[in-house]
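First to last, the protein sequences are chains E and W. Going left to right, the first sequence walks through residues 1 to 488 as full-length UniProt numbering numbers them. Going left to right, the second sequence walks through residues 1 to 349 as full-length UniProt numbering numbers them.
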Amino acid sequence: MDKETIKLEDQLKKHFGFSSFREGQKEIIESVLDNQHTLATLPTGSGKSICYQLPSLIVEGITIVVSPLISLMVDQVKLLRAQGYKRVTALNSLLSYEQKSKLLSHLNRYRMIYCSPEMLQQESFINRLKQLNVLQFVIDEAHCISQWGHEFRPDYLRLKDVIETLGEPTVLALSATATPKIQDDIVKQLSLNMRKIIYPMDRVNITYSVLKSDNQIEKQEQIIHLLEQAKAPTMIYFSSRVMTEQLYGLLQQQFPERKVAYYHGGMEQQDRLLIQQQFMHDQLDIICCTSAFGMGVNKDNIRLIIHYHLPTNLESFIQETGRAGRDGKQSVSVLLYTKGDETIPFQIIESELPDDSEIERYLHAKQEGINIDIESELSETKLRFLNYHTHKLTQTLTQQSEIEEELKSFRDHRKQLKINSVINLVRWVNAEDCRRALLFQPYQEHVRPALFDCCDHCGFNIHKWEIDLNIHHDYKQNWRNILEEMFQ
Amino acid sequence: MIHYQDVISHMLYKLNGERTISSAFHILRGKRSSQTLQDIHLFGLQPYYGIYPKLRSATYHRWIDSFVSQNLIIIRDESFECTGKIHFQTGNLRDKINGFKYHRVDLDWFSAIQLVCQTLSNIHKQNKHFIPVIDDVEIQYQVKQLMKKYRHHDQLVHLFHNELKSVLEQIGELEAELMVQQFTGANRIGLSKKQLADDYQVYEEDIHLTTMSAIHQLIQIVEYNTEEYPILNLFISQKRHQSITDSAEKTYRFLNNGLTLKEIENIRQLRPSTIRDHVVEIATQLEHFDIDSFVSKDIEEKIIRVIEKVETRRLKVIKEQLDDHISYFQIRLVLAKYNHSKVSVMANG
Ligand SMILES: Nc1ncnc2c1ncn2[C@@H]1O[C@H](COP(=O)(O)OP(=O)(O)OP(=O)(O)O)[C@@H](O)[C@H]1O
Ligand SMILES: [Mg+2]
Ligand SMILES: [Zn+2]
Chain E
1 MDKETIKLED
11 QLKKHFGFSS
21 FREGQKEIIE
31 SVLDNQHTLA
41 TLPTGSGKSI
51 CYQLPSLIVE
61 GITIVVSPLI
71 SLMVDQVKLL
81 RAQGYKRVTA
91 LNSLLSYEQK
101 SKLLSHLNRY
111 RMIYCSPEML
121 QQESFINRLK
131 QLNVLQFVID
141 EAHCISQWGH
151 EFRPDYLRLK
161 DVIETLGEPT
171 VLALSATATP
181 KIQDDIVKQL
191 SLNMRKIIYP
201 MDRVNITYSV
211 LKSDNQIEKQ
221 EQIIHLLEQA
231 KAPTMIYFSS
241 RVMTEQLYGL
251 LQQQFPERKV
261 AYYHGGMEQQ
271 DRLLIQQQFM
281 HDQLDIICCT
291 SAFGMGVNKD
301 NIRLIIHYHL
311 PTNLESFIQE
321 TGRAGRDGKQ
331 SVSVLLYTKG
341 DETIPFQIIE
351 SELPDDSEIE
361 RYLHAKQEGI
371 NIDIESELSE
381 TKLRFLNYHT
391 HKLTQTLTQQ
401 SEIEEELKSF
411 RDHRKQLKIN
421 SVINLVRWVN
431 AEDCRRALLF
441 QPYQEHVRPA
451 LFDCCDHCGF
461 NIHKWEIDLN
471 IHHDYKQNWR
481 NILEEMFQ
Chain W
1 MIHYQDVISH
11 MLYKLNGERT
21 ISSAFHILRG
31 KRSSQTLQDI
41 HLFGLQPYYG
51 IYPKLRSATY
61 HRWIDSFVSQ
71 NLIIIRDESF
81 ECTGKIHFQT
91 GNLRDKINGF
101 KYHRVDLDWF
111 SAIQLVCQTL
121 SNIHKQNKHF
131 IPVIDDVEIQ
141 YQVKQLMKKY
151 RHHDQLVHLF
161 HNELKSVLEQ
171 IGELEAELMV
181 QQFTGANRIG
191 LSKKQLADDY
201 QVYEEDIHLT
211 TMSAIHQLIQ
221 IVEYNTEEYP
231 ILNLFISQKR
241 HQSITDSAEK
251 TYRFLNNGLT
261 LKEIENIRQL
271 RPSTIRDHVV
281 EIATQLEHFD
291 IDSFVSKDIE
301 EKIIRVIEKV
311 ETRRLKVIKE
321 QLDDHISYFQ
331 IRLVLAKYNH
341 SKVSVMANG
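Below you can see the structure in the form of structure tokens.
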């Protein structure tokens, strides 16, 4: 072992309390410290964050972390602060004008700055960053940069210019769901000379299975049966807030001895925080949630992930099941499918992109200079789509009708792509071959064998799977005892 | 437990026929408009002012719809009427909840206490890494100041625990229970109101209102016994309630400097009706404010006679009974004054 090696391990221990690196981490960190632009892939839950958090603690200068989800970055910042690292902050659209300007004027106090890609389009922020010493530029969930990615975010395409403006700091692009095609696209879009560190993205400790049913009642019976067998931390994903709450009610009735809760984007911020923390503290056994929960959740002992509804694509499915077994122990994914379930993702896709009339009204409002009304009417995703493409189109086209045509055809193209993803997912559900192989083949040439059970097509029988982590909740019920326990 | 239906029924009963259905909503949310501030004094609804700052309009309208469908109230064009079926149990609620007095301090105080509790419990258990359950940076700063002020944290833990125990003994058992269930410590994350509602099989709104009432009672105990509760008292914000809106406050200062309404309009570039609203607000809130320069004694008496005769506070009805030259503005001012005198008569005997 050379000197450098010892030092990195010491730093890991010192700052994060881990005694050794996990697969890939060290290679990526060394590459970044060597000032090489790097594109790296690692499976979900494998510890990609450390790959930039540790260098940022070692290198002088500022690290920018671009992250697509506000909740995700807020959680990361909180976690780092709780660990005692205070020189980290997040800039996002949730901040008020006042908070933002205050933060900008104190930006030099921070070493690690999380931000949304949209934030990097704001001149005040960029100008401030130019005055500072930005040495690392991290693009988390880098598949968002690619049109082929399920979560394509047009603003990610502008990162190339931002990087240039900032004098080309060392770029690290990270993803757990980047196919070779997407990897190439990332490099192309950033037009940088990047070193690729591609580790397999499959999750060897997760067992995949699908349970089919003829109707919703049967599906609910299946879920109850499943939870009777599996007494362990569980997440159940839903596509709608209403269903999330309904199933919560049902499960609470069915399992009075277990702690069940629900979580979705419609809840108050304070309640969301409490539920998330309760789950982290093993105070809850089962959580019914929408995809609003999850990305920031870093609980290491989740043993079972159930999908009550179909996600909109396989990548989301990989991300969501990726919450399981972050400690490396066996965990199970169960997707519940009733014929016709795909109508829900189709509806979601329909609602994510602007329809003809919305495109027309948007353009009209823009021409008249009265954007406010239409902007408040459209959802964030629709607006993002329209803003980006219109901005780009107006640079080459002047005719309003041409712009309109182009927007519509872009929209149709996007929609078709998304529809195909749902079809792919349904194909996966109905396939007869190894689910693990099918799921990860697009990402890597060789899919690794499972560490535990592989999938329901390779001999795993979910009905025979039992787990009892023997969780018992011993809550003090009298307020005097609660206080006593807190302070004695 | 305070049930939200009782609170709403009580409010609607008081406002019966005199105001639109949304006035109770504005009162609960603590709207800082002169109309709302007048209403709470006019109808004796001070306890409920601002006790539900996050109430959503959709939620409120769901309540109202259910009241209508149970035939407790009937909606009229501009107003509503209570039927004979409306009923409520408010008991000694007036002693237990005081939104008008505490709406500016209650929730911040509670958040601060929650954060102190979490912080001290974690310190006590020697756990440095925890995610604060309160995101508000202002409150986090205050709590940090406390930690600096008391260097001996072991002692602080002890003092805080004792203060908390002692103050909670003085409110109802159920209220103390609901309050502490929401607290977070080192090994235990507090419950949300929704979770408590499910545990107690009541509405989330009931938990919210009961918690607010507990907070008001605790703050009152603390502020009357500051020596006994130095730590709890630290977090009762000094930005005590101002009874008038900022804008009315400005108008009031100009009036005190001897400016006329017309002059104030010009300086402040506001519409005459806005300035008049301010004056009414001032008259409503400040008992000592003199309305003589706007209403002669003679006219004042005439208006009072009508108010007593028609037994309503509906401006239109009152105005119809008076000479045309008497303005709505004058009627509103007299109503504001009249209300004060009635309250003080009641207080005296
Ligand atoms: N070297 C290590 N030893 C032990 N635990 C580690 C190590 N590195 C990371 N972890 C832990 O692994 C968990 C997952 O880390 P992280 O959030 O960075 O994953 P990720 O790869 O970004 O996942 P995702 O793709 O889901 O975003 C965290 O709880 C982290 O503390
Ligand atoms: Mg990550
Ligand atoms: Zn298999």
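Idealized CB from N, CA, C, for every residue including glycine.
| Query | Result |
| --- | --- |
| Length at least 3, wholly inside the region 250-327 of chain E: the beta strand (DSSP E) runs in chain order | 260-263, 286-289, 304-307 |
| Q321 of chain W to V306 of chain W span [Cα, whole Å] | 7 Å |
| Environment of E123 of chain E [buried if 16+ CB atoms lie within 10 Å] | exposed |
| Beta-carbon gap between D161 of chain E and E118 of chain E smaller than 8 Å | no |
| Amino acids of chain W, ordered along the chain, whose beta-carbon sits closer than 7 Å to that of I286 of chain E | None at all; the shortest Cβ gap to chain W is about 14 Å. |
| CB-CB length for Q136 of chain E against V32 of chain E, believed under 8 Å | 7 Å |
| Top-ranked residue by Cα proximity to T332 of chain E, from E:F452, E:Q11, E:C51, E:K259 | Contrary to the premise, residue 332 of chain E reads as Val rather than Thr in this sequence. Closest option to V332 of chain E, Cα to Cα, is E:F452. |
| Same chain, Cβ closer than 7 Å to L209 of chain W, neighbours up to 5 away in sequence not counted | I2, Y4, V7, I51 |
| N354 of chain E and K299 of chain E closer than 8 Å at C-beta | Correcting the residue identity first, residue 354 of chain E is Pro in this sequence and not Asn. In this structure, K299 of chain E does not lie closer than 8 Å to P354 of chain E by Cβ. |
| Under 9 Å from the C-beta of V133 of chain W: neighbouring residues of chain E | Q270, L273, L274, Q277 |
| Residues that DSSP places opposite R195 of chain E in a beta bridge | E:T38 |
| Coil, strand or helix - G167 of chain E by DSSP | coil |
| Cβ of H278 of chain W within 8 Å of any chain E Cβ | no |
| Selected residue, minimal CA-CA separation from S213 of chain E, among E:Q278, E:Q319, E:S105, E:H309 | E:H309 |
| The region 187-200 of chain E contacting the region 89-102 of chain E, beta-carbon criterion three pairs below 8 Å | no |
| C455 of chain E: CB within 7 Å of a non-hydrogen atom of ligand 3 | yes |
| Within-8 Å CB hit, M1 of chain E to chain W | For M1 of chain E, the predicted structure reports a pLDDT of 45, less than 50, and the residue's modelled location is therefore unreliable. A value from the coordinates is still provided. Output row for M1 of chain E: interface = no. |
| Residue closest to S247 of chain W, alpha-carbon to alpha-carbon, out of W:E263, W:I236, W:R268 | W:R268 |
| Test: L156 of chain W CB closer than 8 Å to a CB of chain E | no |
| Whole-angstrom distance between L227 of chain E and V334 of chain E, CA atom to CA atom | 11 Å |
| Minimum C-alpha distance to N387 of chain E - residue among E:L363, E:Q400, E:Q399 | E:L363 |
| Same chain only: Cβ atoms within 6 Å of G349 of chain W, ignoring 5 sequence neighbours per side | Model confidence at G349 of chain W stands at a pLDDT of 30, short of 50, so the residue's coordinates are unreliable; what they give is reported in the following sentence. Excluding residues within five positions, none has a Cβ falling inside 6 Å. |
| Under 8 Å between C-beta atoms of F317 of chain E and L174 of chain E | no |
| Closer than 8 Å at the beta carbon, the chain W residues around W465 of chain E | Within chain W, no residue comes near W465 of chain E; the closest Cβ sits about 30 Å away, beyond 8 Å. |
| R303 of chain E beta carbon near ligand 1 (any heavy atom closer than 7 Å) | no |
| Segments assigned beta strand (DSSP E), at least 3 residues, entirely inside the region 92-122 of chain E | 112-115 |
| Exposure of H278 of chain W, with buried meaning 16 or more beta-carbon neighbours within 10 Å | buried |
| Beta-carbon proximity of R87 of chain E to Y52 of chain E, cut-off 8 Å | no |
| Length-filtered (4 minimum) alpha helix (DSSP H) runs lying within the region 358-425 of chain E | 371-377, 380-393 |
| Cβ of M486 of chain E within 8 Å of any chain W Cβ | yes |
| Distance between beta carbons of L168 of chain W and L234 of chain W, contact taken as under 8 Å | At roughly 17 Å, the Cβ-Cβ gap does not stay under 8 Å, so L234 of chain W and L168 of chain W are not in contact. |
| Own chain, CB closer than 7 Å to G47 of chain E, minus 5 neighbours either side, in chain order | R22, Q25 |
| Cβ-Cβ separation, L120 of chain W to L156 of chain W (assumed contact under 8 Å), whole Å | 6 Å |
| Among E:Q36, E:Q347, E:K339, E:R414, nearest to H389 of chain E - alpha-carbon criterion | E:R414 |
| Neighbour-count burial assignment, S344 of chain W, 16 or more Cβ in a 10 Å radius | A caution first: S344 of chain W carries a pLDDT of 41, below 50, which makes its placement in the model too unreliable to give a value. |
| Nearest residue (CA-CA) to I68 of chain W, options W:I21, W:T36, W:G44, W:H103 | Looking at the sequence shown, residue 68 of chain W is not Ile but Val. Looking at the Cα atoms, W:I21 is the closest of the given residues. |
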